[in-house]
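Here's the structure, in structure tokens; my notes come after.
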Amino acid sequence: MSFLRAARLASVAQTAARRHLPSTRSYSSALSAFSVPSPVENPTSLRSFTEEELMLQETVARFAREVVQPKVREMDENELMDKSIINAMFENGLMGLETEADFGGAECSFTAAILAVEELAKIDPSISALCDIHNTLTNTVIRKWGSKELKEKYLTRLATDTVGSFCISEAGAGSDAFALQTRAEDKGDHYVLNGGKMWISNSGEADIFVVFANADPSKGYKGISAFIVEKEWGVEIAKKEKKLGIRSSSTCVLNFDDVKVPKENVLGKIGDGYKYAIDSLNEGRIGIAAQMIGAAQGAYDIALPYLFERKQFGKPIGSYQAMQHQFAQVACEIEAAKLMTYNAARLKEEGKPFVMEAAMAKFVAAKVAERATSYAVEWMGGNGFVRETGVEKFYRDAKIGSIYEGTNNMQLETISKIISNKYK
Ligand SMILES: Cc1cc2nc3c(=O)[nH]c(=O)nc-3n(C[C@H](O)[C@H](O)[C@H](O)COP(=O)(O)OP(=O)(O)OC[C@H]3O[C@@H](n4cnc5c(N)ncnc54)[C@H](O)[C@@H]3O)c2cc1C
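Heads up: the sequence shown is residues 1 to 424, going by the UniProt record's numbering.
Structure representation (structure tokens):
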């Protein structure tokens, strides 16, 4: 142990004793709930990225500006994603970010994928949702638990030309996701799926669905299993939702009426689906945090130049201290949310515990996105409120961050459970 570390521990113990805090042992174990420090040779800032990550970030930013931006307003108004943009996402490798090159993917790091989601959200949180859910949930669950044959068959398509959906939620199973009622009945060489799903992103465009269904309700959530289902086997898109925000990202109700799924399309092991769902959503949350910091930054980048162009009382509105303090504070909040998101991504990548940090990042990023986009509208006055300037769209789009992949309350549940276990 270094002298510095020993001295710091002694000082913590003394301070604890003076304040009648818990003993050094329980104090330090409580501290460890917040991170798992480990020594590194050359510590770097949380904004340190590899050359590959920076290259991807720059390429996606250019793609978002040049290819996505011209269509954003039209897609939002029509509540429909432009097919040419989906095709361009495939052509540019954005639908198989972490997928191995053998299966047609770009084989990027998780952090690179997170940066891509953020860059897309700066221009359009809907396209960002398509990219995030397709990559961090659908592709990931197949990459992690699919057999070699399933990976060859489906990851290749998902990386090159076919949109995928990740289907857990149902009418009676939202926050309580494992209350799901969709059933998978064993028929010998295949399963038969019956039931319905709600709120399924990308399902308007998808042809491949990862569906969570219970194969043995007598075992409760331990009966939940994951299946790869092709649309042509009978997945019915029953209704497309009309939404407040991320309007061009499709969100649909699905029906499964005696849908036959071959046994080889079971993902991983029967009965382990709940583990795959938890695991995927834990890391998927970092993607939503990235979408939210992108949305916050996107709105900020529209509003700030306006503050220095628009004059009232003879001076730019951005020169008034009341405005300066607001945009400085929002900048602090966006920076904090970014660092939490990048940190959670790196922890996950390094194989360290990251669940609490991911929940914290998503919770904070969703709050920050709501505040930042709301301020951006306000700072631009009437021009913020109309559709033409594009800032009100970010305000609408930001709200989803506190709902999907676990509501804000559910993130706080996760965080408080982990903290309680350490302090109890
Ligand atoms: C646009 C959109 C896209 C989505 N995409 C997908 C997708 O691709 N795949 C998928 O499977 N699902 C998807 N979802 C579903 C999403 O994950 C759920 O909406 C979310 O988990 C919340 O569930 P719910 O809507 O049923 O709300 P509820 O669970 O009914 O929650 C309503 C309110 O009650 C609170 N609440 C509930 N239980 C508790 C509790 N125990 N303690 C404190 N507060 C509580 C919640 O925090 C929330 O504020 C999507 C949803 C939307 C809106």
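For glycine and all other residues, C-beta sits at the position ideal for the given N, C-alpha and C. None of the values given here were measured: they were computed from a predicted structure.
Less than 9 Å separating the beta-carbons of A226 and R183?
no
Taking C-beta to C-beta, are E193 and A206 nearer than 9 Å?
Sequence check: residue 193 is Leu here, not Glu. Result no, Cβ atoms of L193 and A206 do not sit closer than 9 Å.
Cβ shell of I302 (< 7 Å), same chain only, five flanking positions each side left out
A376, T389, G390, V391
Given 8 Å, three or more beta-carbon pairs between the stretch 92-105 and the stretch 137-154
yes
Indicate the three-state DSSP secondary structure (helix, strand or coil) for N78 in the structure shown.
Of the three classes helix, strand and coil, the one that applies to N78 here is helix, per DSSP.
Mind checking which residues open and close the alpha helix (DSSP H) that includes Y395?
391-398
Quick test of your reading: S109 and E58, contact by CB under 8 Å. State the CB separation rounded to the nearest angstrom.
15 Å between Cβ atoms; not a contact.
Three-state secondary structure assigned by DSSP to F363:
helix
Would L244 be called buried (16 or more neighbouring beta carbons within 10 Å of its own) or exposed?
Its Cβ having fewer than 16 others within 10 Å, L244 is exposed.
Chain-order list of residues whose beta-carbon lies under 6 Å from that of Y306 (same chain, five-residue window excluded):
M380
So, with DSSP's three-state summary, where would you put K315?
DSSP places K315 in the strand class (E or B) of the three-state scheme.
Segments assigned alpha helix (DSSP H), at least 4 residues, entirely inside the stretch 147-215:
156-160
Cβ pair count under 8 Å reaching 3, the stretch 309-322 against the stretch 400-410
no
Simplified DSSP assignment, three categories, for T251
Looking at T251 - three-state DSSP - the assignment turns out to be strand.
Can you pull the DSSP bridge partners for F227?
Paired residues: V211, V266.
In terms of alpha-carbon separation, which member of L130, A361, A328 lies closest to Y342?
A361
Check whether the Cβ of C131 sits closer than 8 Å to any heavy atom of ligand 1, and report yes or no.
No, the Cβ of C131 stays beyond 8 Å of every heavy atom of ligand 1.
So, using beta-carbon positions, are I127 and S248 closer together than 9 Å?
yes
Count the C-beta pairs between the stretch 354-373 and the stretch 395-403 that are closer than 8 Å, then say yes if the count reaches three, no if not.
yes
Taking all protein chains shown into account, decide if Y423 is buried (16 or more other Cβ within 10 angstroms of its Cβ) or exposed.
exposed
Residues of its chain near I288, where Cβ-Cβ distance is below 8 Å and the 5 sequence neighbours each way are ignored:
D132, K362, A365, A366, G401, Y404, E405
Secondary structure of I237, DSSP reduced to three states:
strand
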